[in-house]
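*Asks:* Just so we're aligned: 73 in the working numbering is position 71 of the sequence shown, and the numbers increase by one with no gaps anywhere.
Ideal placement from N, C-alpha and C gives every residue a C-beta, glycine not left out.
On a predicted model such as this, the values are computed, not experimentally measured, just so you know.
Before we start, here is the structure in question, set down as C-alpha cells.
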Amino acid sequence: MSIANTQSVEIKASPERVWQVITDFSEFPAWNPMTPGMKGELREGARLKGKLGLGPATVPFFPTLLTVEPNVELRWKGGVPGAFVADHRFIIEPVDETTTLLRHHEVFTGAFKPVGPLKAVPDRVHAGFNSALKRRAESTAGR
3 MSIANTQSVE IKASPERVWQ VITDFSEFPA WNPMTPGMKG ELREGARLKG KLGLGPATVP
63 FFPTLLTVEP NVELRWKGGV PGAFVADHRF IIEPVDETTT LLRHHEVFTG AFKPVGPLKA
123 VPDRVHAGFN SALKRRAEST AGR
C-alpha cells in the first residue's frame with residue numbers, strides 16, 4: 003500500500019525558468035528548504051547525493067534520477083526498499099506565455115511511510131518547497 007501527496011503551484015515564470023531553478027543543484031542551499039543540499043549529474047540513471055530537510059533536521063538521502071525531461075519533468079526515487087521509498091515528481095506545465103503550473107507529486111511506500119499524524123509532514127515540507135520555488139523562480143536571484 004502506498005501514500006501519495008500531490009500539490010501544485012502557479013508560478014509567474016516560464017517553464018524554462020522553473021526547470022532552471024529545480025535543476026540547479028548548486029543553488030539549493032540558497033532557497034530550498036526541502037532539499038537544502040543536492041549533488042550529482044543531471045541525467046537519467048544518475049545517483050544523487052542529497053540532504054532532505056525535515057524542519058530543523060536534515061537527513062542524507064541518495065535518490066536515483068528516473069526522468070530528466072527538460073522543461074517538462076524531473077523525477078527521482080530513493081529510500082530503503084521495504085522500509086521507506088519515495089518516488090518524487092516535479093511536472094512542469096505551461097499555463098500561458100507568462101505562467102507555469104508545477105505539479106509536485108510524491109508516492110511513499112514501505113513500512114515506515116508517513117501515516118497518521120506523520121502524514122502531515124510531507125504536506126508541510128512540500129508546501130514550503132513550493133512557496134520557496136515560486137519566490138525563487140519569480141525573482142532575478144540565481145539567473
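So, are the CB atoms of leucine 44 and valine 11 less than 8 Å apart?
*Replies:* Contact flag unset, no.
*Asks:* Ignore the nearest five residues each way along the sequence and tell me which others in arginine 77's own chain have a CB closer than 6 Å to its CB.
*Replies:* Contacts found: Leu68, Thr69, Arg91.
*Asks:* Quick one: complete alpha helix (DSSP H) runs, 4+ long, within the stretch 13-96?
*Replies:* The qualifying runs are 17-25, 30-33.
*Asks:* Let me confirm a value: lysine 136 is counted as buried when at least 16 other C-beta atoms fall within 10 Å, else exposed. Which label applies?
*Replies:* The residue in question, lysine 136, is buried, as its Cβ has 16 or more Cβ neighbours within 10 Å.
*Asks:* Using only the alpha-carbon positions, how far apart do proline 72 and aspartate 98 sit?
*Replies:* For proline 72 and aspartate 98, the distance between alpha carbons rounds to 18 Å.
*Asks:* From which residue to which residue does the beta strand (DSSP E) around glutamate 108 run?
*Replies:* Start and end: 101-111.
*Asks:* Tell whether a beta-carbon distance below 8 Å holds between threonine 111 and lysine 14.
*Replies:* Against a cut-off of 8 Å, the Cβ pair of lysine 14 and threonine 111 comes out as no contact.
*Asks:* Distance check for alanine 59 and leucine 103, CA to CA, integer angstroms please.
*Replies:* So the alpha carbons of these two residues sit roughly 29 Å apart.
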